[in-house]
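Asks: Here this note's numbering is used: position 21 in the sequence shown is 24, and no number is missing along the way. Beta carbons: idealized from backbone N, C-alpha and C, even for Gly. Structure in C-alpha cells, see below.
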Amino acid sequence: MIFARLGIKTLGTALRPAVHSPLHHSVFRPASACLSRSLFIKTIPQPVGNIVGNVNDAYVGPTPNKFTGSRHWTFERAVTICMTPLIITPFITGSISAPIDAAMAGLLLYHCYAGWESCIIDYIPRRVYGVWHTAAMWLLIFGTAVSGYGVYVLETSSAGGLWGLCKRIWKHKKED
4 MIFARLGIKT LGTALRPAVH SPLHHSVFRP ASACLSRSLF IKTIPQPVGN
54 IVGNVNDAYV GPTPNKFTGS RHWTFERAVT ICMTPLIITP FITGSISAPI
104 DAAMAGLLLY HCYAGWESCI IDYIPRRVYG VWHTAAMWLL IFGTAVSGYG
154 VYVLETSSAG GLWGLCKRIW KHKKED
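Below you can see the structure in the form of C-alpha cells.
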C-alpha cells in the first residue's frame, strides 16, 4: 500500500502482467490439461455427488464381508499390539530366539500388507478406477509373496534373522 503511493511497484505487481500474459495461457494451460487427463488411466464416470437414483429410493448398503469389515480392523489392531513386545524384546535382552524373530517378521509383513491394502482401497477405489484397483491389489499380493520369500531366505540363511540384519545395519561403520 505504501509502496503504491510512492510509485514503487512490488515484486508481485511487477510480475503480474507477465503471469497473465497470453503466452502464459497458451503454454501452461494445455500442459496442465494434459496432466489432469491421462491417456493411460481411465476413470469410470461417476454420478454427481455419487448419488444414484432419487430421494424416494431406498438405501442399498454394501454387502457385508467379514474380511473387509470390523473384524478386519480388529485383527489389524491385534497384530499391531502383538508386534509391540516382539519389537521391544530384542532391545531389552540383546538377542532374540529364531521362532520369536520369525513371528515378528511374519507379523511385520502382514502389517505392511494391511497398510498398503488400506491405501489402495482409499486412494484407488474400485468404483472410480475399476480394473486399476484390481491390478493394484494383485501387484500388492505379488509384492507381499516376494517379500515373504525374502523373509524366509533371511530367516533361514542369515545369522540372527531380521533382528540380526537390523543389528548389523545399526552397527555398520563407514569405510573412509
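1. Quick check on residue 142: buried or exposed, where buried means 16 or more other Cβ atoms within 10 Å of its Cβ?
2. Is DSSP giving residue 58 helix, strand or coil here?
3. For the alpha helix (DSSP H) that contains residue 178, what are its first and last residues?
4. Is residue 2 buried or exposed, if buried means 16 or more other CB atoms sit within 10 Å of its CB?
5. When DSSP labels each residue in this structure, what does residue 70 get in the three-state scheme?
6. Looking at residue 110 and residue 89, is the spacing between their C-beta atoms short of 8 Å?
7. Could you spell out the range, first to last residue, of the alpha helix (DSSP H) harbouring residue 149?
Replies: So, from the listed chains and residues:
1. exposed
2. coil
3. From DSSP, residue 178 is part of no alpha helix (DSSP H); its letter is neither H nor E.
4. Past the edges of the chain, shown from 4 to 179, lies residue 2, and the structure says nothing about it.
5. coil
6. yes
7. 134–160
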